[in-house]
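Chemist: Starting off with a structure, shown below.
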Amino acid sequence: MKFGLIEKFKANVLKKKKVLVLGDSHTAIFSHNLLKQFFEPKYLLLVQTVGGATISGLSNPNSQTQALPIFTKSFETVDPDVTIIQLGEVDTGFLLWYQADKYEISINDMLQRCIENYKSFIRNCSGKLGAVVVSAPLPTIRDNQDWGDVATARKDVKSSQHERTELTLRFNQAVKKFCIEHSIHFIDLDPESVGENGLVSDKLLNADPNDHHYNTCYYSSLLKPHLAQIFYEE
């Protein structure tokens, strides 16, 4: 994330509201031209992406990604008007399953801990005018998929794609409920993301079979109407 003289000029002289995006690698979508141009007329968009960031790791000072100190530094440096937050895909698609098996803890207990950690992070990282939370992407890694770096890294988890999808949906709905109760904007893309077979829609799959991130153009087209209702409503 860059917040130098040009960005400060836009914020202070041009009076653009500062929107800070905090999240895992899926938030790279906000660095795409389609969404950068969407925000440009009115807002200064700053994107702090930490690849592999997890909600579970936010409370771990020894986490590999060191996501929390990175997010905290960006938040304090920018002092945003609004934050856009998106985390959870790595947790519900891999880490919670791995830890539940390793430590012999129920997946439901692991999920609840994750949700509580996320609530705390959202509260602590809301901008001066509030926050927008985006639902975690649904799992795209198929059962028995043995190609792609992420699939290889997650091969020890034996849960099916249906099970991982169901957990992600539960996670998103729990976070949505929290956001509604606390007047926080929540962008729920689940209804538009689930295909007829109950898994992620083929339309969202990346053209590169080794890439577990959503198709950039289609994902942007899903996000824009929801973002418009929040950022450009009169």
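Per my numbering, the sequence shown starts with residue 1309, numbered consecutively. Glycine residues also receive a C-beta, built at the ideal position from the N, C-alpha and C atoms. Remember, it's a predicted structure, so these values are computed and weren't measured experimentally.
Among all the DSSP beta bridges, which residues are the ones paired with residue 1375?
Modeler: Here residue 1375 is taken as the residue at index 67 of the sequence shown, counted from 1. DSSP, once it has assigned bridges, lists no residue as partnering residue 1375.
Chemist: State the CB to CB distance for the pair residue 1331 and residue 1357, rounded to an integer number of angstroms; the pair is presumed to be in contact (CB under 8 angstroms).
Modeler: Here residue 1331 corresponds to residue number 23 of the sequence shown, with the count starting at 1. Here residue 1357 corresponds to residue number 49 of the sequence shown, with the count starting at 1. Rounded, the Cβ-Cβ distance is 6 angstroms, consistent with contact.
Chemist: Where do the ends of the alpha helix (DSSP H) carrying residue 1532 lie?
Modeler: Reading the sequence shown from its first residue, position 224 is the one you call residue 1532. Per DSSP, residue 1532 belongs to the alpha helix (DSSP H) from 1524-1539.
Chemist: Opposite residue 1330 in the DSSP bridges: which residues?
Modeler: Taking the sequence shown and counting its residues from 1, the one referred to as residue 1330 is at position 22. Note: residue 1330 sits in a beta bridge opposite 1356 and 1393.
Chemist: To the nearest angstrom, how far is it from the Cα of residue 1354 to the Cα of residue 1471?
Modeler: As a working mapping, residue 1354 is identified with position 46 in the sequence shown. As a working mapping, residue 1471 is identified with position 163 in the sequence shown. Distance between the alpha carbons of residue 1354 and residue 1471 is about 34 angstroms.
Chemist: Do residue 1386 and residue 1311 come within 8 angstroms of each other at the CB atom, strictly closer than that value?
Modeler: Your numbering for residue 1311 matches position 3 in the sequence shown. Your numbering for residue 1386 matches position 78 in the sequence shown. The answer is yes: Cβ separation under 8 angstroms.
Chemist: Starting from residue 1361, trace the alpha helix (DSSP H) both ways and give me its first and last residue.
Modeler: Looking up residue 1361 in the sequence shown gives position 53. Where residue 1361 is concerned, there is no enclosing alpha helix (DSSP H), given that its DSSP letter is neither H nor E.
Chemist: Beta-carbon within less than 7 angstroms of residue 1427's beta-carbon, same chain only, minus the 5 sequence neighbours each way: which residues are those?
Modeler: In the sequence shown, the residue the question calls residue 1427 occupies position 119. Only 1486 meet the Cβ criterion.
Chemist: Which word fits residue 1416, buried or exposed, when buried means at least 16 other C-beta atoms lie within 10 angstroms of its C-beta?
Modeler: Along the sequence shown, one-based indexing puts residue 1416 at 108. By the neighbour-count rule (16 or more Cβ atoms within 10 Å), residue 1416 is not buried but exposed.
Chemist: Need the endpoints of the beta strand (DSSP E) that residue 1483 sits in, please.
Modeler: Locating residue 1483 in the sequence shown gives position 175, counting from the first residue. Taken as a continuous stretch (DSSP letters only), residue 1483 belongs to no beta strand (DSSP E), being part of the alpha helix (DSSP H) at 1469-1489.
Chemist: Any idea if residue 1537 is buried or exposed, counting beta-carbon neighbours within 10 angstroms, 16 or more meaning buried?
Modeler: Translated into the one-based positions of the sequence shown, residue 1537 becomes position 229. Label assigned to residue 1537: exposed.
Chemist: On the DSSP bridge assignment, give the partners of residue 1494 in chain order.
Modeler: In the sequence shown, the residue the question calls residue 1494 occupies position 186. Bridge partners of residue 1494: 1441.
Chemist: Near residue 1329, what residues of its chain come up, given a Cβ to Cβ distance below 6 angstroms and the 5 sequence neighbours on each side ignored?
Modeler: The residue labelled residue 1329 in the question sits at position 21 within the sequence shown. Closer than 6 angstroms at Cβ, skipping near neighbours: 1335, 1338, 1355 and 1392.
Chemist: Thinking residue 1400 and residue 1444 are a contact (beta carbons under 8 angstroms), I'd like their distance in whole angstroms, please.
Modeler: Here residue 1400 refers to the residue found at position 92 of the sequence shown. Here residue 1444 refers to the residue found at position 136 of the sequence shown. Yes, they are in contact, since the Cβ atoms of residue 1400 and residue 1444 sit about 6 angstroms apart, within 8 angstroms.
Chemist: Quick one, are the C-beta atoms of residue 1352 and residue 1324 less than 8 angstroms apart?
Modeler: On the sequence shown, position 44 is the one that residue 1352 refers to. On the sequence shown, position 16 is the one that residue 1324 refers to. Yes, these two residues count as a Cβ contact at 8 angstroms.
Chemist: Please report the Cβ distance between residue 1441 and residue 1492, rounded to the nearest whole angstrom; I am assuming they are in contact, meaning their Cβ atoms lie under 8 angstroms.
Modeler: What you label residue 1441 is simply residue 133 of the sequence shown in a count that begins at 1. What you label residue 1492 is simply residue 184 of the sequence shown in a count that begins at 1. Confirmed, about 6 angstroms.
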